[in-house]
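**Q**
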Amino acid sequence: MLREMNQNFARPGLSFETGNGGLTRAVISTPLANGEIYLQGAHVAAWNPVGEEPVLWLSKQSHFSPGKPIRGGVPICFPWFGPNAEDATQPAHGFARLIEWQVIATRTKADGITEIELGTTIGTFKLTYGVEFGSVLKMTLRTEVSTQSTEDQVFEDALHTYLAVSDVRSVLIKGLEAASYIDKVDQALLRPPSGSPIHFSGETDRIYLETISDCVLVDSGIQRSIRISKSGSMSTVIWNPWIEKSKRMPDFGDDEWAQMACVETTNVAGNRIKLLPGESHSTTATISVVT
Ligand code: TA6
29 MLREMNQNFA RPGLSFETGN GGLTRAVIST PLANGEIYLQ GAHVAAWNPV
79 GEEPVLWLSK QSHFSPGKPI RGGVPICFPW FGPNAEDATQ PAHGFARLIE
129 WQVIATRTKA DGITEIELGT TIGTFKLTYG VEFGSVLKMT LRTEVSTQST
179 EDQVFEDALH TYLAVSDVRS VLIKGLEAAS YIDKVDQALL RPPSGSPIHF
229 SGETDRIYLE TISDCVLVDS GIQRSIRISK SGSMSTVIWN PWIEKSKRMP
279 DFGDDEWAQM ACVETTNVAG NRIKLLPGES HSTTATISVV T
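Throughout the sequence shown, residue numbering follows our numbering, covering 29 to 319 in sequence.
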């Protein structure tokens, strides 16, 4: 399988190999960037521009087994976010991150960016995911509703990006000062805009609504700022589990909470999406190191 995959899709700077847990991954190593993406969940597990420290965080205790989500990198949440509203027995964040996607194409673009395109089908939804590994990381999830569908379809999507930070207590996130948010740590209350950058001092789990803003994560501990730009996304989720929740997650080291912050590019809650048969929607997140 690997040999055939490399025959069909490998190219200079991109090859397929057996990764953690025996899962198949594409490894990218070019003059612009290094990266990894697992076929399971079409899960971007690593990315850094050449010369830069890792930008994505990955738990040292992550599962790497079929049907289980990888902890870190960029999980794809689809067709719902968080627990399933109708059926608590369904997997959190939907199926997209639990199944193996198919490689559709790989390309080296004129500017040296290496692109991989994967696809899968979930019910009446056809998903394609294009990831560009370059001096910036660009991820586009395209959702299309089959023309065979007899009714319109509603879904939530999220590119659930885990960013690596020096210490989350010395991080600020700018860009959401003017957005109202659902505070999942306080009874899911809807709170008004805070008017100031986000600072982490405890478990933080917020869904910012009706916002198209870029975010900038300022990490004063290593003098690095990371920009998270987006298109086709009306909500942004900010998450850090802090101490107690980290201890309750078997695939999350007890002390790892301080080294990560999630800035998630989403369409969730009141910003969920409705498509008619044959319609499509694309959600794009672009991650760049700005200093
Ligand atoms: O993105 C925030 C969140 O919805 C949190 O509530 C937390 O559950 C996190 O996602 C991780 O979810 P997971 O199912 O990957 O453990």
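Even glycine gets a Cβ: it sits at the ideal position worked out from N, Cα and C.
1) Taking C-beta to C-beta, are Gln118 and Thr152 nearer than 8 Å?
2) The ligand TA6 heavy atoms versus the CB of His320: any closer than 7 Å?
3) For Ile250, which residues from the same chain have a beta carbon less than 6 Å from its beta carbon, with the 5 sequence-adjacent residues on both sides left out?
4) Excluding the 5 residues flanking Ser224 on each side, which residues of the same chain have their C-beta closer than 7 Å to its C-beta?
5) Considering only their Cβ atoms, is the gap separating Tyr190 from Gly101 smaller than 8 Å?
6) How is the beta strand (DSSP E) around Met33 delimited, first residue to last?
7) Cβ-heavy atom distance between Glu292 and the ligand TA6 below 7 Å?
8) Measure the alpha-carbon distance for Thr156 versus Glu184 and round it to whole angstroms.
9) By alpha-carbon positions, which one of Glu231, Ile226, Ile201, Ser222 ends up nearest to Asp214?
10) What first and last residue would you give for the alpha helix (DSSP H) that runs through Trp108?
11) Just grab the DSSP bridge partners of Thr206 for me.
12) Where do the N-terminal and C-terminal ends of the beta strand (DSSP E) with Glu145 fall, by residue?
13) Go ahead and pull the three-state DSSP assignment for Gly281.
14) Answer yes or no: do Lys202 and Ile235 have a C-beta to C-beta separation smaller than 8 Å?
15) Inspect the CB distances between the segment 46 to 54 and the segment 88 to 95 and report whether three or more fall short of 8 Å.
16) Candidates Ser87, Thr293, Cys243, Ser261: which alpha carbon is nearest Leu200's?
17) So is Gly298 buried or exposed if we call it buried at 16+ other beta carbons inside 10 Å?
18) From the DSSP output, which residues share a beta bridge with Thr294?
19) Taking the straight line between their C-alpha atoms, what separation do you get for Pro146 and Gly260?
20) Relative to the C-alpha of Pro77, which residue among Leu67, Lys88, Pro59, Ile65 is closest?
21) Pick out whichever of Gly140, Arg255, Ile210, His188 has its Cα sitting closest to the Cα of Thr311.
22) Is Lys202 near the ligand TA6, in the sense that its beta carbon is under 7 Å from a heavy atom of that ligand?
**A** Let me spell this out:
1) Taking the sequence shown and counting its residues from 1, one reaches residue 118 at position 90. Taking the sequence shown and counting its residues from 1, one reaches residue 152 at position 124. The answer is no: Cβ separation not under 8 Å.
2) A query on residue 320 cannot be resolved here, the shown segment of the chain reaching from 29 to 319 and no further.
3) Counting from 1 along the sequence shown, the entry for residue 250 is found at position 222. Closer than 6 Å at Cβ, skipping near neighbours: Ser194.
4) In the sequence shown, the residue the question calls residue 224 occupies position 196. Glu205.
5) The residue given as residue 101 occupies position 73 in the sequence shown. The residue given as residue 190 occupies position 162 in the sequence shown. A contact, by the Cβ cut-off of 8 Å.
6) Here residue 33 is taken as the residue at index 5 of the sequence shown, counted from 1. Here Met33 belongs to no beta strand (DSSP E); instead the alpha helix (DSSP H) covers 30 to 37.
7) On the sequence shown, position 264 is the one that residue 292 refers to. Flag set: Cβ of Glu292 near the ligand TA6.
8) Stepping through the sequence shown from its first residue, residue 156 is reached at position 128. Stepping through the sequence shown from its first residue, residue 184 is reached at position 156. One C-alpha to the other measures close to 15 Å.
9) Position 186 of the sequence shown, counted from the first residue, corresponds to residue 214. That would be Glu231, whose Cα lies nearest to the Cα of Asp214.
10) Translated into the one-based positions of the sequence shown, residue 108 becomes position 80. No alpha helix (DSSP H) contains Trp108, which DSSP labels as neither H nor E.
11) Residue 206 sits at position 178 when you count from the first residue of the sequence shown. The sequence shown places Ala at residue 206, rather than the Thr named in the question. Answer by DSSP bridge pairing: none, since Ala206 is not bridged.
12) Within the sequence shown, residue 145 is the residue found at index 117, counting from 1. First-last of the beta strand (DSSP E) with Glu145: 142 to 150.
13) Position 253 of the sequence shown, counted from the start, is the residue given in the question as residue 281. Of the three classes helix, strand and coil, the one that applies to Gly281 here is coil, per DSSP.
14) Residue mapping note: residue 202 aligns to position 174 of the sequence shown, counting from 1. Residue mapping note: residue 235 aligns to position 207 of the sequence shown, counting from 1. No, the Cβ-Cβ distance between Lys202 and Ile235 is not below 8 Å.
15) yes
16) By 1-based counting over the sequence shown, the position of residue 200 is 172. Nearest option by C-alpha distance: Cys243.
17) Locating residue 298 in the sequence shown gives position 270, where the first residue counts as 1. Classification of Gly298: exposed, given that the 10 Å Cβ count is below 16.
18) The sequence position of residue 294 within the sequence shown is 266, counting from 1. Beta-bridge pairing links Thr294 to Ala186, Ser263.
19) For the purposes of this step, residue 146 is identified with residue 118 of the sequence shown, where counting begins at 1. For the purposes of this step, residue 260 is identified with residue 232 of the sequence shown, where counting begins at 1. The sequence as given places Leu at residue 146; Pro does not occur at that position. Going from the Cα of Leu146 to the Cα of Gly260 covers about 19 Å.
20) As a position in the sequence shown, residue 77 is number 49, starting the count at 1. Pro77 has its Cα closest to that of Pro59, out of Leu67, Lys88, Pro59, Ile65.
21) Your numbering for residue 311 matches position 283 in the sequence shown. Answer by Cα proximity: His188.
22) Within the sequence shown, residue 202 is the residue found at index 174, counting from 1. No; taking the cut-off as 7 Å, the Cβ of Lys202 has no heavy atom of the ligand TA6 nearer than that.
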